[in-house]
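Accompanying notes for the structure given below.
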Amino acid sequence: MGKFLKKHYIMAPGPTPVPNDILTEGAKETIHHRTPQFISIMEETLENAKYVFQTKNNVYAFASTGTGAMEAAVANLVSPGDKAIVVVAGKFGERWKELCQAYGADIVEIALEWGDAVTPEQIEEALNKNPDAKVVFTTYSETSTGTVIDLEGIARVTKEKDVVLVTDAVSALGAEPLKMDEWGVDVVVTGSQKGLMLPPGLALISLNDKAWELVEKSRSPRYYFDLRAYKKSYPDNPYTPAVNMIYMLRKALQMIKEEGIENVWERHRILGDATRAAVKALGLELLSKRPGNVVTAVKVPEGIDGKQIPKIMRDKYGVSIAGGQGKLKGKIFRIAHLGYMSPFDTITAISALEFTLKELGYEFELGAGVKAAEAVFAKEFIGE
7 MGKFLKKHYI
17 MAPGPTPVPN
27 DILTEGAKET
37 IHHRTPQFIS
47 IMEETLENAK
57 YVFQTKNNVY
67 AFASTGTGAM
77 EAAVANLVSP
87 GDKAIVVVAG
97 KFGERWKELC
107 QAYGADIVEI
117 ALEWGDAVTP
127 EQIEEALNKN
137 PDAKVVFTTY
147 SETSTGTVID
157 LEGIARVTKE
167 KDVVLVTDAV
177 SALGAEPLKM
187 DEWGVDVVVT
197 GSQKGLMLPP
207 GLALISLNDK
217 AWELVEKSRS
227 PRYYFDLRAY
237 KKSYPDNPYT
247 PAVNMIYMLR
257 KALQMIKEEG
267 IENVWERHRI
277 LGDATRAAVK
287 ALGLELLSKR
297 PGNVVTAVKV
307 PEGIDGKQIP
317 KIMRDKYGVS
327 IAGGQGKLKG
337 KIFRIAHLGY
347 MSPFDTITAI
357 SALEFTLKEL
367 GYEFELGAGV
377 KAAEAVFAKE
387 FIGE
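Each residue of the sequence shown is one higher than the one before, counting from 7 in this note's numbering.
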């Protein structure tokens, strides 16, 4: 590969590529956060965030990764001894469980195979058996498995049962259709480094009135993540915000509004369809039984060292994908179609995957994956 230039492509499900227009915002002069000028920027940004969440509720931002937003949800909604239903079908469902354990919740776990998607019927069954449950914690897009759940259907159940529904939309926001108010999702959390096209560093959370009732009653210890302080100071921040990250978030949200959220969702769907068509054309098997718009998880072929696939793609071809997490390490690899990624990024990733698999001794027709991806894109570009 030494005779060729090597460009770098991030095709992992976070952090994702950051557009130059957004990077430029981050390079602007830092202004004082307790000024009318910055508070005006903060207000515009948080108001635009409502559009992406599809909510009229306030959206709060703080300096953290998505895990911080998850902890904020648990700390503010769950008191020690409260019963919480937690769906565990991947690494980030496990994170909900660990957070609830840390805050002393009485956990009812819905444990699924990694790659399966919880159904509204399973949520309803758990609630029927546990009518005293106060919160249901779900993962809209389980990034570790490439699985998306029927969040709209689950929200119908929790609304009828009058229990608070929390969803981790860290990777889903901006990629999967999400209508917080229309569907009746009570709490949505996310992070900056995925569909919002930013570097890591910001977390966002939105809650409706039903969820705020639990916030006011919570007996869990909290300080930086005490959402009452953010509500009281809105649109200002109770603590020093990540000023330049807010600049970048403002720009990202402006770009999303200009494109239109429905178009953004559709763009992600097409990229996902093309990626899955490609891997299937290579004779590879998907992990997820309900794949979504965010990332495609692929089982490593028998006889191939799964840890070598991301390594060779990154080191030799400049394409960064993700391996498996937790018990899936070495067993799957994951190609994202998330945020600032284009059809030609996807084709590049599939091409690098083909070269890598050939090098590792996997038998297939070279070019089959690229051809399948191009066929999906051709329908969009030229109607064929």
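No residue lacks a Cβ here, since even glycine has one placed at the ideal position from N, Cα and C.
Item: Please classify leucine 133: is it buried, with 16 or more other beta-carbons within 10 angstroms of its beta-carbon, or exposed?; Value: buried
Item: Residues in its own chain within less than 8 Å of proline 297 by CB, not counting five upstream and five downstream?; Value: Gly152, Thr153, Val154, Gly278, Arg282 and Ala303
Item: For serine 239, does the three-state DSSP call read helix, strand or coil?; Value: helix
Item: Give me whichever residues DSSP pairs with valine 24 in a beta bridge.; Value: DSSP, once it has assigned bridges, lists no residue as partnering valine 24.
Item: Would you kindly work out how many angstroms separate the C-alpha atoms of lysine 27 and leucine 202, rounded to a whole number?; Value: The sequence shown places aspartate at residue 27, not lysine. Roughly 13 Å separates the two Cα atoms.
Item: Is the Cβ-Cβ distance between tyrosine 146 and alanine 178 less than 8 Å?; Value: yes
Item: For my contact list, threonine 51 and leucine 220 are in at a C-beta cut-off of 8 Å; report their separation, rounded to the angstrom.; Value: Rounded, the Cβ-Cβ distance is 26 Å, inconsistent with contact.
Item: Tell me the DSSP secondary structure of isoleucine 318 in three-state form.; Value: helix
Item: Determine the closest residue to lysine 401 out of Glu166, Gly20, Ser357 and Val176, with distance taken between C-alpha atoms.; Value: An answer regarding residue 401 cannot be provided, because it is not within the stretch 7 to 390 covered by the chain.
Item: Is the Cβ-Cβ distance between valine 285 and glycine 375 less than 8 Å?; Value: yes
Item: With the cut-off set at 8 Å, would you say phenylalanine 370 and leucine 359 are in Cβ contact?; Value: no
Item: Nearest to methionine 76 by alpha carbon, out of Asp156, Ser239 and Leu213?; Value: Leu213
Item: Taking only runs that begin and end inside the stretch 276-362, name each unbroken beta strand (DSSP E) of 3 or more residues, in chain order.; Value: 301-305 and 338-342
Item: By the 10 Å Cβ neighbour count, where 16 or more other Cβ atoms means buried, how is glutamate 148 classified, buried or exposed?; Value: buried
Item: Check glycine 32 in the structure and name its three-state DSSP category.; Value: helix
Item: Under the rule that 16 or more other beta-carbon atoms within 10 Å means buried, what is phenylalanine 231, buried or exposed?; Value: buried
Item: Beta-carbon within less than 7 Å of threonine 352's beta-carbon, same chain only, minus the 5 sequence neighbours each way: which residues are those?; Value: Leu277, Ala280, Thr281, His343 and Ala379
Item: Over what stretch of residues does the alpha helix (DSSP H) that includes leucine 191 continue unbroken?; Value: Residue identity differs from the one stated: residue 191 is valine in this sequence, not leucine. Valine 191 -> no alpha helix (DSSP H), and no H or E assigned at all.
Item: Which runs of the beta strand (DSSP E) at least 3 residues long sit entirely within the stretch 142-205? Give them in chain order.; Value: 170-174 and 193-197
Item: What is the DSSP secondary structure of phenylalanine 68, counted as helix, strand or coil?; Value: strand
Item: Based on Cα-Cα distance, which residue from Gly373, Gly332 and Ile356 lies nearest to arginine 101?; Value: Gly332
Item: How big is the Cα-Cα spacing for glutamate 188 and tryptophan 271?; Value: 17 Å
Item: Any idea if arginine 40 is buried or exposed, counting beta-carbon neighbours within 10 angstroms, 16 or more meaning buried?; Value: exposed
Item: Near leucine 398, which residues of its chain fall below 6 Å by C-beta distance, leaving aside the five closest residues on each side in sequence?; Value: Since the displayed the chain opens at 7 and closes at 390, residue 398 lies outside it and no answer follows.
Item: What did DSSP end up calling tyrosine 15 once you bin it into helix, strand or coil?; Value: strand
Item: So valine 24 and tyrosine 253 are in contact, right, with Cβ under 8 Å, and what is the actual spacing, rounded?; Value: Rounded, the Cβ-Cβ distance is 13 Å, inconsistent with contact.
Item: Following the continuous alpha helix (DSSP H) through valine 382, name the residue where it begins and the one where it ends.; Value: 374-387
Item: Just reading off the alpha helix (DSSP H) that leucine 52 is part of, what are its end residues?; Value: 42-59
Item: Please return the same chain residues whose Cβ sits closer than 8 Å to the Cβ of tyrosine 57, not counting the five positions on each side in sequence.; Value: Leu259, Ile262, Lys263 and Ile267
Item: As a quick exercise: from Gly373, Asn64, Phe350 and Phe361, pick the residue whose alpha carbon is nearest that of phenylalanine 387.; Value: Phe350
Item: May I have the straight-line CA-CA distance separating arginine 340 from glutamine 199, to the nearest angstrom?; Value: 17 Å
Item: Would you kindly work out how many angstroms separate the C-alpha atoms of isoleucine 139 and lysine 377, rounded to a whole number?; Value: Isoleucine is not the amino acid found at residue 139; the sequence shown has alanine there. Looking at the two C-alpha atoms, the distance is approximately 50 Å.
Item: Check the DSSP bridge columns for alanine 209 and list the partner residues they point to.; Value: Phe68 and Gly197
Item: Looking at C-alpha atoms only, which residue of Glu308, Val300 and Gly87 is the closest neighbour of glutamate 291?; Value: Glu308
Item: From the DSSP output, in three-state form, read off alanine 132 for me.; Value: helix
Item: Rank Leu210, Tyr15 and Asp242 by C-alpha distance to the C-alpha of glycine 180 and give the top, closest one.; Value: Leu210
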